[in-house]
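Engineer: Chains as they are written, first to last, in our numbering: chain A, 1 to 105; chain B, 106 to 210.
Glycine is no exception: its CB is placed at the ideal position from the N, C-alpha and C atoms.
I am attaching a structure below and will ask some questions about it afterwards.
Number of protein chains: 2
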Amino acid sequence: MGGPDRTGAVFAALADPTRRDLLARLSSGGPSTATALAAGLPVTRQAVARHLLVLADAGLVRGARAGRETRYRVTPEPLADAVSWMTAVGADWDRRLAALRDLLA
Amino acid sequence: MGGPDRTGAVFAALADPTRRDLLARLSSGGPSTATALAAGLPVTRQAVARHLLVLADAGLVRGARAGRETRYRVTPEPLADAVSWMTAVGADWDRRLAALRDLLA
DNA sequence: ATGATGTGCAACGATGGATTTGCAGGTCGG
DNA sequence: CCGACCTGCAAATCCATCGTTGCACATCAT
């Protein structure tokens, strides 16, 4: 199916504090540009642009060029896959606990 | 509470395919040891032990020594925080979309 | 006690990520 | 047309992580 380790890319993208900050700002403050986002962060514009590229590769944001600026917006669909994976682990573990409990009863 | 950037540690731990594999094996196959887990993976025992240490630092597993072996089991509570964060981003974005839709209507 | 098994720690090389600086191209306003 | 602004690409540096090997210590069975 398409990209290898798509879920891993999402987790890797979310592992960086700056990227989580960017995602939070984009989701609560609405679409914005790399330059505007960099103004509120302690890193350069290029670093922010690179982070946005990583987020875009993970499918978490999408950039659309309008004139001389590129505006990024959140595309939260891949989060569903990640949540799926985590809840599956939790569910398997819970089922295992339940089975053990039944065995002991 | 706890350490700084606890959520980041969880995402960073989940970013590695080997660690996700370990977590999946532990949750579906029950508690196990580093040596036993390494037998089914293309890496050495030490690498697995290191990964388990990272997972333990993130609070996702917990090791208990019984005699000469250390048995690791899943502790999925930190997953809840990560899911919280993700659903919050999704919710903020959805609310923003709803507000925009209302504005246009 | 002795050998086998399981574990942990330390050092090493290799790989990839994060950030900065510098530069070139495209776009808007006067 | 020209200056100002925003963007993208490339090179260089620094640091963390991943995986390995080697060794020392603890534990179980015989």
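Taking the C-alpha atoms as reference points, what is the distance between A:LEU97 and A:ALA88?
Structural biologist: 14 Å
Engineer: Would you decide whether B:THR140 is buried or exposed? Buried here means 16 or more other CB atoms lie within 10 Å of its CB.
Structural biologist: exposed
Engineer: Could you name the residues that DSSP lists as bridge partners for B:SER137?
Structural biologist: B:TYR177
Engineer: Between B:ASP162 and chain A, is the shortest Cβ-Cβ distance under 9 Å, so that the two count as touching?
Structural biologist: no
Engineer: Can you grab the Cα-Cα spacing for the pair B:ARG206 / A:VAL83, in whole Å?
Structural biologist: 27 Å
Engineer: Measure how close the beta-carbons of B:ALA120 and A:GLY8 come, nearest whole angstrom, since I'm counting them as under 8 Å.
Structural biologist: 6 Å
Engineer: Does the beta carbon of B:THR140 come closer than 9 Å to any beta carbon on chain A?
Structural biologist: no
Engineer: With a threshold of 9 Å between beta carbons, is A:GLY40 in contact with chain B?
Structural biologist: no
Engineer: Check B:GLY195 in the structure and name its three-state DSSP category.
Structural biologist: helix
Engineer: Under 6 Å Cβ to Cβ from B:THR123, same chain only, skipping five residues before and after it: list those, please.
Structural biologist: HIS156
Engineer: Quick one, are the C-beta atoms of B:LEU158 and B:LEU127 less than 9 Å apart?
Structural biologist: no
Engineer: Assuming B:VAL166 contacts B:THR180 (C-beta within less than 8 Å), just tell me the rounded distance between them.
Structural biologist: Rounded to whole angstroms, the Cβ separation of B:VAL166 and B:THR180 is 6 Å, and the two are in contact under 8 Å.
Engineer: Provide the residue span of the beta strand (DSSP E) that contains A:GLY63, from first to last.
Structural biologist: 61 to 66
Engineer: Just by C-beta distance, which residues in the segment 156 to 182 of chain B are closer than 8 Å to chain A?
Structural biologist: Result list: VAL179, PRO181.
Engineer: Using 8 Å as the cut-off, classify the Cβ of A:VAL83 as near or not near the heavy atoms of the ligand NAP, replying yes or no.
Structural biologist: Only the bare structure without any ligand can be found here, which leaves the ligand NAP out of the picture.
Engineer: Does the Cβ of B:GLY172 have 16 or more other Cβ atoms within 10 Å, making it buried, or fewer, making it exposed?
Structural biologist: exposed
Engineer: For a contact defined as C-beta to C-beta under 7 Å, what are the partners of B:GLY119 on chain A?
Structural biologist: Checking the displayed sequence, the identity of residue 119 of chain B turns out to be Leu instead of Gly. Within chain A, the residues near B:LEU119 are PHE11.
Engineer: Interface residues of chain A around B:VAL148 at Cβ under 9 Å?
Structural biologist: Neighbours of B:VAL148 on chain A: none; closest Cβ ~16 Å, over 9 Å.
Engineer: Going by C-alpha to C-alpha distance, which of B:ASP162, B:GLN151, B:TYR177 sits closest to B:ARG111?
Structural biologist: B:ASP162
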